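To get the working numbering, take the position in the sequence shown, counting from 1, and add 1140. Ideal Cβ positions, reconstructed from N, Cα and C, are used throughout, including at glycine. Every value quoted in this text rests on a predicted model; they were computed, and no experiment measured them. Read through the structure below, which is laid out as structure tokens, and then see the notes.
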Amino acid sequence: MSKEWTNVEEILEGKHTGSEVNLRGWIHRTRNIGNMVFLNLRDPTGVVQIMTSKDTVDNFSEVKSLLIESSIKVKGEVAEDKRAPGGYEIRASEVEVVHAADVYPIQEDHSVEHLLDNRHLWIRSTKMIDILSVRSSVFGGIHEYFRKEGYKEFQSPILTPLACEGGSTLFPVEYFDDKVYLAQSWQLYAEAAIFGLGNIYTIAPSFRAEKSRTPRHLTEYWHAEVEGPWLEFEALLELAEGMVCHVVEKVMNECEDELKRLREEDMSYLKNIAPPFPRITYQEAVDILQKEGFNTKYGDDFGTPEEKALTDMFEKPVFVTHYPKEIKAFYMKRAPEDDTKVLGFDLMVPNVGELIGGSARETEIDSLEARLKEEGEDLSIYQWFLDTRRFGSVPHAGFGLGVERIIMWLCTLDHIRDAIPFPRTPNRYRP
Ligand code: 4AD
Ligand code: MG
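Here it is in structure tokens:
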């Protein structure tokens, strides 16, 4: 006979009070008090207290010996109990031990390194379950937004001979007798695809051999990218804004409890996220920073302290546009009113800095070739890409969002590694 299984969430919502239920999950905590043992049982929806005693379960001595992370099935009656975490308790009549766990390597107060070494176990922690639930919702929100806007999903190769974002962060891979790289971006292939498919997007891994150890860089991250023919710069900013707002709304709907726990109740900031986001130029950003006492000169890239100062000044994400062309990628379109600047933007948010980078694309082949040469690139590898400017070139634009960065922002994480289940950083690729 098949049993009906109840989940913890329904019990904590008071849906089964006074009834008998069957639950299954893992022992999160145990507490022995004389002839009673209190087990906190965790399932993917929450944690609830189970009361067992010598008089109520047959295998009490077995239950008493169980260590945390043992898996069990429980039958019992649901009772309201103010002393129990969450306000409910299951008074067990049967406990079936599915697997009695060994001594768990994670107890209390461990170093960051120990938790990273045991990441395959740490992802069972309530904090990681909350973050990974938000992560799932973020992916759903991005797909939903682009599909709703009529964008098709398009995939590009991961093994590639090209440097989309410059040579300094490429991961080389032996390719038989040749050398190729792990993709830094989907963009250059997407620029070829829009001539046929039109508006397209992706969510895929990107790879950056970033030697700088910062709290917001991974070597492998998930990249949501979009590209569209005929897309103008202003419409591109609106698309980025629309996507961010949709994701915020989706996550607030699906993961309100998770966000409240992770953000320690501070939801007013997220509730306020709606279009339009403020827009300032790079020049304005430099002026603001100088007024704030920074030594920033025109032409400098912003570091973490500068980005923090800028984002703290606004109640919403802020667009910085019109960067000097020297500090941006070769493919960015020169601004029509001043060709020392590009029609590129970074969208910045508190606690993270750059969340999105995007631009209108340079359509003139001579200018692209000149910029590639300046970067020391081998033009022969880019000939296929330059064909996009030989055969029916059209104005177009796109952007890329670091998915872990939006999770970091939404969950107010101190470090980007907690936004991904198995982080890859310069000094870690295990487990
Ligand atoms: O600004 P980036 O380098 O732009 C591009 O790759 C463009 N080709 C995107 C496009 O226009 N299609 O990267 C885009 C975003 C950044 O804004 C940041 O959020 C994220 O990707 N990002 C990283 N996230 C985690 N770890 C890293 N090492 C990252 N590098 C970039
Ligand atoms: Mg960038």
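Kindly indicate the opening and closing residues of the alpha helix (DSSP H) around residue i.
i, result
"Val1426", "1422 to 1431"
"Glu1455", "Per DSSP, Glu1455 belongs to no alpha helix (DSSP H) and is neither H nor E."
"Leu1371", "Note, Leu1371: premise wrong, no alpha helix (DSSP H); not H, not E."
"Leu1277", "A small fix is needed here, since residue 1277 is Ser in this sequence, not Leu. Where Ser1277 is concerned, the enclosing alpha helix (DSSP H) stretches over 1266 to 1288."
"Gly1548", "It should be pointed out that residue 1548 corresponds to Met in this sequence rather than to Gly. Taken as a continuous stretch (DSSP letters only), the alpha helix (DSSP H) holding Met1548 covers 1543 to 1551."
"Lys1411", "1408 to 1411"
"Glu1509", "1505 to 1514"
"Ile1230", "Where Ile1230 is concerned, there is no enclosing alpha helix (DSSP H), although the beta strand (DSSP E) it sits in stretches over 1228 to 1239."
"Val1243", "Segment: none, Val1243 is in no alpha helix (DSSP H) and carries neither H nor E."
So is the beta-carbon of residue i under 8 Å away from any non-hydrogen atom of the ligand 4AD?
i, result
"Leu1206", "no"
"Val1387", "no"
"Leu1541", "yes"
"Ala1469", "yes"
"Ser1251", "no"
"Thr1359", "yes"
"Ala1303", "no"
"Val1366", "yes"
"Ser1325", "yes"
"Arg1348", "yes"
"His1462", "no"
"Ala1475", "no"
"Ile1340", "no"
"Ala1232", "no"
"Ile1547", "no"
"Gly1281", "no"
Over the uninterrupted beta strand (DSSP E) stretch that includes residue i, give me the two end residues.
i, result
"Arg1259", "Unbroken run through Arg1259 is the alpha helix (DSSP H), 1259 to 1262; no beta strand (DSSP E)."
"Asn1162", "1160 to 1173"
"Gln1295", "No beta strand (DSSP E) holds Gln1295; DSSP gives it neither H nor E."
"Gln1189", "1186 to 1193"
"Glu1220", "1211 to 1220"
"Phe1178", "1176 to 1183"
"Lys1400", "Counting along the chain, Lys1400 falls outside any beta strand (DSSP E), though it belongs to the alpha helix (DSSP H) covering 1396 to 1402."
"Val1492", "No beta strand (DSSP E) holds Val1492; DSSP gives it neither H nor E."
"Leu1322", "1318 to 1322"
Three-state secondary structure (DSSP) at residue i?
i, result
"Arg1474", "strand"
"Met1141", "No answer about Met1141 holds up, because its pLDDT of 47 lies below 50 and its placement is not dependable."
"Phe1200", "helix"
"Gly1439", "coil"
"Lys1351", "coil"
"His1555", "coil"
"Trp1362", "strand"
"Arg1570", "coil"
"Arg1529", "helix"
"His1536", "strand"
"Gly1484", "strand"
"Thr1309", "helix"
"Tyr1522", "helix"
"Lys1448", "helix"
Tell me the rounded alpha-carbon separation between residue i and residue j.
i, j, result
"Asn1147", "Ser1211", "15 Å"
"Gln1247", "Leu1261", "11 Å"
"Val1243", "Glu1202", "16 Å"
"Glu1160", "Phe1562", "39 Å"
"Phe1417", "Ser1325", "25 Å"
"His1555", "Phe1531", "45 Å"
"Ala1623", "Tyr1422", "Coverage of the chain is limited to positions 1141 through 1571, which leaves residue 1623 absent and any answer about it impossible."
"Arg1557", "Gly1158", "43 Å"
"Thr1266", "Leu1379", "34 Å"
"Pro1297", "Tyr1329", "8 Å"
"Gly1443", "Leu1410", "25 Å"
"Val1313", "Gln1523", "22 Å"
"Thr1461", "Val1278", "26 Å"
"Lys1400", "Val1391", "11 Å"
"Leu1550", "Asp1270", "12 Å"
"Trp1166", "Leu1553", "26 Å"
"Glu1144", "Arg1164", "11 Å"
"Leu1487", "Ile1420", "10 Å"
"Ala1414", "Pro1535", "28 Å"
"Pro1571", "Pro1301", "29 Å"
Check whether the Cβ of residue i lies closer than 8 Å to any heavy atom of the ligand SAM, and answer yes or no.
i, result
"Gly1290", "Summarising the ligand content, the structure contains the ligand 4AD and the ligand MG and does not contain the ligand SAM."
With respect to 8 Å, is the separation between the Cβ of residue i and the closest non-hydrogen atom of the ligand MG below this value?
i, result
"Asp1486", "yes"
"Glu1466", "no"
"Glu1494", "yes"
"Gly1307", "no"
"Gly1497", "yes"
**Prompt:** Would the segment 1168 to 1177 and the segment 1190 to 1204 be scored as touching if the rule is three or more Cβ pairs under 8 Å?
**Reply:** These segments touch.
**Item:** Stretch pair the segment 1535 to 1550 + the segment 1490 to 1498: three plus CB contacts closer than 8 Å
**Value:** Yes, they touch.
**Prompt:** Can at least three beta-carbon pairs, one atom from the segment 1329 to 1349 and one from the segment 1360 to 1368, be found at a separation below 8 Å?
**Reply:** Touching, yes, given that three or more Cβ pairs across the two stretches are closer than 8 Å.
**Message:** Can you confirm whether the segment 1271 to 1289 touches the segment 1383 to 1396 when touching is taken to mean that 3 or more C-beta pairs between the two stretches lie within less than 8 Å?
**Reply:** Of all C-beta pairs linking the segment 1383 to 1396 to the segment 1271 to 1289, three or more are shorter than 8 Å, placing the two stretches in contact.
**Asked** Looking at C-beta atoms only, is the number of pairs between the segment 1419 to 1435 and the segment 1404 to 1411 that lie closer than 8 Å three or more?
**Response** In this structure the segment 1419 to 1435 does not lie against the segment 1404 to 1411, because fewer than three pairs of beta carbons, one per stretch, are closer than 8 Å.
**Prompt:** Using 8 Å as the Cβ pair cut-off and three pairs as the minimum, do the segment 1337 to 1355 and the segment 1300 to 1320 touch?
**Reply:** Enough Cβ pairs lie closer than 8 Å, so yes.
**Message:** Using 8 Å as the cut-off, can you tell me whether the segment 1249 to 1264 makes contact with the segment 1210 to 1224, which would need three or more C-beta pairs spanning the two stretches below that distance?
**Reply:** The segment 1249 to 1264, when compared against the segment 1210 to 1224, does not touch it at the 8 Å Cβ threshold.
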